[in-house]
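A.B. asks: Be aware that the sequence shown starts at 0, since it is given in numbering that gives the first Met the number 0, and climbs by one per residue.
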Amino acid sequence: MTVIFSGPSLTDEERRTRLYEGQVFLYPARPESLALIEFARELIGDAFGGLDPETAQYELPVEKFAAILAELKPKFIHHPRSKELLRALLLSFGCDADRTYFDVPRMRSSTSDDYLTTGIAYAFHPHRDTWYSAPLSQVNWWIPIYEVVPENVMTFHPRYWSAPVKNGSAGYDYYEWNRTSRFNAAQHIGTDTREQPKPEEPIELEPRVTVVPEPGGVMIFSGNQLHSSVPNTSGKTRFSIDFRTVNVDDVIARREAPNVDCACTGTTLRDFLRVSDLERLPEDVALAYEGKG
């Protein structure tokens with residue numbers, strides 16, 4: 000059973016415990032999350048000029064739209080202000096600055112009616128982040144930048160929390176992905192030939208759990224949740240922010256979600272930065288995760 004908690008008063012440790020059990024958390028917008036999406040809106044507005052970014056897809060050739068995203072998204076990801084605002088957000092949630100590590104915040108987009116669903120605007124099939132070499136203690140954070148509706152968000156497939164899915168993670172190596180595929184997303188318009196772990200058996204999409212946060216609302220869930228992009232039929236492009244965190248004590252102790260079907264190689268742990276000083280995880284911690292699963 001998946002339980003959705005709305006703004007509970009829990010410590011970060013209590014929250015992580017429940018996340019590793021398959022629960023999902025939804026928090027209302029707060030000053031720190033509103034500051035993050037306001038900065039994102041500034042960058043989006045500059046990128047699209049005088050066009051409404053939610054409807055610009057109807058006024059631009061798809062190649063031009065993809066080119067705008069190809070410049071906009073890395074700018075947001077690597078801007079020092081993005082990290083500064085994210086660190087403030089994590090502190091507001093009670094995360095320990097010396098024990099919590101984060102990866103850079105990413106701006107995502109989902110265009111409507113199959114305008115652009117590949118490459119820089121990849122529409123995600125049902126998947127677990129842990130199929131992509133993420134640790135089982137990874138926590139995912141998801142924040143809409145503008146208003147979202149059930150027709151353009153993401154959704155969970157809770158029956159698979161403890162049920163394995165036949166998938167292609169055994170053929171996925173994170174280091175090979177970085178070498179060959181990670182940085183050429185903008186080149187994939189119309190088709191996406193990059194090899195990614197996918198289900199290799201039919202997925203029962205129902206029952207599903209779809210959560211619709213307000214702009215700046217914060218949804219938190221385990222990276223081991225099976226989730227997917229809802230096919231966008233809303234008539235608007237959805238823009239959102241997501242990032243991931245790990246607690247180093249959980250990583251070392253293997254305090255984590257259950258591994259029911261992950262067999263990937265490598266680890267994303269070297270991507271994470273400490274909240275307090277932006278230092279990376281100790282190398283010996285990452286090395287312990289080098290093998291399969």
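For every residue, glycine included, the Cβ atom is placed at its ideal position computed from N, Cα and C.
GLY189 by DSSP, collapsed to three states: which one?
C.D. replies: In the sequence shown, counting from the first residue as 1, residue 189 sits at position 190. Summary for GLY189: the model assigns pLDDT 46, below 50, so the residue's position carries little reliability; its value from the coordinates is reported in the next sentence. Residue state, collapsed to three classes: coil.
A.B. asks: Give me the Cα-Cα distance between LEU59 and ALA66, rounded to the nearest whole angstrom.
C.D. replies: For the purposes of this step, residue 59 is taken as the residue at position 60 of the sequence shown. For the purposes of this step, residue 66 is taken as the residue at position 67 of the sequence shown. Going from the Cα of LEU59 to the Cα of ALA66 covers about 11 angstroms.
A.B. asks: Would you mind reading off the limits of the beta strand (DSSP E) that contains SER228?
C.D. replies: Walking along the sequence shown from the start, residue 228 turns up at place 229. 226 to 228 is the span of the beta strand (DSSP E), which, as asked, contains SER228.
A.B. asks: Comparing alpha-carbon positions, which option in HIS156, LYS82, GLN137 and ASN177 lies nearest ARG105?
C.D. replies: Looking up residue 105 in the sequence shown gives position 106. The shortest C-alpha separation from ARG105 is found at LYS82.
A.B. asks: At 3 residues or longer, and completely inside the segment 210 to 267: list those beta strand (DSSP E) runs for me, N to C.
C.D. replies: Correct list: 217 to 221, 226 to 228 and 237 to 246.
A.B. asks: ILE67 lies in the alpha helix (DSSP H); which residues open and close that run?
C.D. replies: One-based indexing of the sequence shown puts residue 67 at position 68. From DSSP, the alpha helix (DSSP H) with ILE67 extends over 61 to 77.
A.B. asks: Comparing alpha-carbon positions, which option in ALA252, GLU213, PRO198 and PHE242 lies nearest SER227?
C.D. replies: Residue numbering aside, residue 227 sits at position 228 when the sequence shown is read from its first letter. If we check each option's Cα against that of SER227, PRO198 comes out closest.
A.B. asks: Taking the alpha carbon of GLY44 as the point to measure from, which residue in VAL208, LYS74 and VAL23 has its own alpha carbon closest?
C.D. replies: On the sequence shown, residue 44 is found 45 positions in, with the first residue counted as 1. Minimum Cα distance to GLY44 is reached at LYS74.
A.B. asks: Just reading off the beta strand (DSSP E) that ARG107 is part of, what are its end residues?
C.D. replies: Residue mapping note: residue 107 aligns to position 108 of the sequence shown, counting from 1. Run containing ARG107: 105 to 109, per the beta strand (DSSP E) assignment.
A.B. asks: Report the rounded CA-to-CA distance for ARG254 versus ARG207, giving the unit in angstroms.
C.D. replies: Start at 1 with the first residue of the sequence shown, and residue 254 comes out as number 255. Start at 1 with the first residue of the sequence shown, and residue 207 comes out as number 208. For ARG254 and ARG207, the distance between alpha carbons rounds to 26 angstroms.
A.B. asks: Once DSSP output is grouped into helix, strand and coil, what is the label at SER32?
C.D. replies: Numbered from 1 along the sequence shown, position 33 holds the residue referred to as residue 32. Three-state DSSP puts SER32 in a helix.
A.B. asks: Taking its Cβ as the centre, do 16 or more other Cβ atoms sit within 10 Å of THR236, making it buried, or is it exposed?
C.D. replies: As a position in the sequence shown, residue 236 is number 237, starting the count at 1. That one is buried.
A.B. asks: Quick check on this structure: which residue in THR267, LEU90, TYR145 and ASP51 has the alpha carbon closest to the alpha carbon of ILE240?
C.D. replies: Walking along the sequence shown from the start, residue 240 turns up at place 241. Of THR267, LEU90, TYR145 and ASP51, the residue nearest in Cα terms is TYR145.
A.B. asks: Per DSSP, ASN177 is paired with what?
C.D. replies: By 1-based counting over the sequence shown, the position of residue 177 is 178. Answer is none; ASN177 lacks a bridge partner.
A.B. asks: For PHE155 versus LEU225, is the C-beta distance shorter than 8 angstroms?
C.D. replies: Position 156 of the sequence shown, counted from the start, is the residue given in the question as residue 155. Position 226 of the sequence shown, counted from the start, is the residue given in the question as residue 225. A contact, by the Cβ cut-off of 8 angstroms.
A.B. asks: Alpha carbon to alpha carbon, how far is GLU150 from ASP283?
C.D. replies: Working through the sequence shown from its first residue, we reach residue 150 at position 151. Working through the sequence shown from its first residue, we reach residue 283 at position 284. Those two C-alpha atoms are separated by around 43 angstroms.
A.B. asks: For the segment 254 to 266 against the segment 129 to 137, are there 3 or more C-beta pairs whose distance is under 8 angstroms?
C.D. replies: Flag = yes, the segment 254 to 266 and the segment 129 to 137 touch.
A.B. asks: Which class does PHE47 belong to by DSSP, given the choice of helix, strand or coil?
C.D. replies: Start at 1 with the first residue of the sequence shown, and residue 47 comes out as number 48. Helix.
A.B. asks: Report all residues from its chain with a CB closer than 8 angstroms to the CB of THR10; omit the five preceding and five following residues, and keep chain order.
C.D. replies: One-based indexing of the sequence shown puts residue 10 at position 11. Excluding sequence neighbours, THR10 sits near GLY93.
A.B. asks: Check the DSSP bridge columns for ASP172 and list the partner residues they point to.
C.D. replies: Here the question's residue 172 lines up with position 173 in the sequence shown. Partner(s): THR264.
A.B. asks: Would you please state the rounded distance, in angstroms, between the beta carbons of GLY49 and TYR26? I believe it to be under 8 angstroms.
C.D. replies: The count along the sequence shown starts at 1 and reaches residue 49 at position 50. The count along the sequence shown starts at 1 and reaches residue 26 at position 27. With a Cβ gap of about 34 angstroms, GLY49 and TYR26 do not count as contacting.
A.B. asks: Could you check the C-alpha separation between GLU298 and LEU268 for me, to the nearest Å?
C.D. replies: Outside the displayed span of the chain (0 to 292) sits residue 298, for which this structure offers no information.
A.B. asks: Is it true that the CB of PRO52 sits closer than 8 angstroms to the CB of PHE242?
C.D. replies: For the purposes of this step, residue 242 is identified with residue 243 of the sequence shown, where counting begins at 1. For the purposes of this step, residue 52 is identified with residue 53 of the sequence shown, where counting begins at 1. Contact: no.
A.B. asks: Would DSSP call ASN183 helix, strand or coil?
C.D. replies: Translated into the one-based positions of the sequence shown, residue 183 becomes position 184. At ASN183, the pLDDT of 46 sits below 50, so the modelled position is not reliable and the matter cannot be decided from this model.
A.B. asks: Using beta-carbon positions only, say whether PHE220 and VAL23 come within less than 8 angstroms of one another.
C.D. replies: Residue 220 sits at position 221 when you count from the first residue of the sequence shown. Residue 23 sits at position 24 when you count from the first residue of the sequence shown. For PHE220 and VAL23, yes; Cβs fall inside 8 angstroms.
A.B. asks: Would VAL229 pass as a contact of THR244 if the rule is Cβ separation under 8 angstroms?
C.D. replies: Position 230 of the sequence shown, counted from the first residue, corresponds to residue 229. Position 245 of the sequence shown, counted from the first residue, corresponds to residue 244. Not in contact: VAL229 and THR244 (Cβ atoms no closer than 8 angstroms).
A.B. asks: Can you have a look at PRO163 and say buried or exposed, based on whether 16 or more other CB atoms are within 10 angstroms of its CB?
C.D. replies: Taking the first residue of the sequence shown as position 1, residue 163 is located at position 164. Flag for PRO163 reads exposed.
A.B. asks: Can you tell me whether VAL148 is helix, strand or coil according to DSSP?
C.D. replies: As a working mapping, residue 148 is identified with position 149 in the sequence shown. VAL148: coil per DSSP, three-state reduction.
A.B. asks: When the distance is taken between beta carbons, is PRO196 closer than 8 angstroms to ASN177?
C.D. replies: What you label residue 177 is simply residue 178 of the sequence shown in a count that begins at 1. What you label residue 196 is simply residue 197 of the sequence shown in a count that begins at 1. Result no, Cβ atoms of ASN177 and PRO196 do not sit closer than 8 angstroms.
A.B. asks: From HIS293 to LEU35, what does the alpha carbon distance come to, in whole angstroms?
C.D. replies: The requested residue 293 is not part of the displayed model; the chain covers only 0 to 292.
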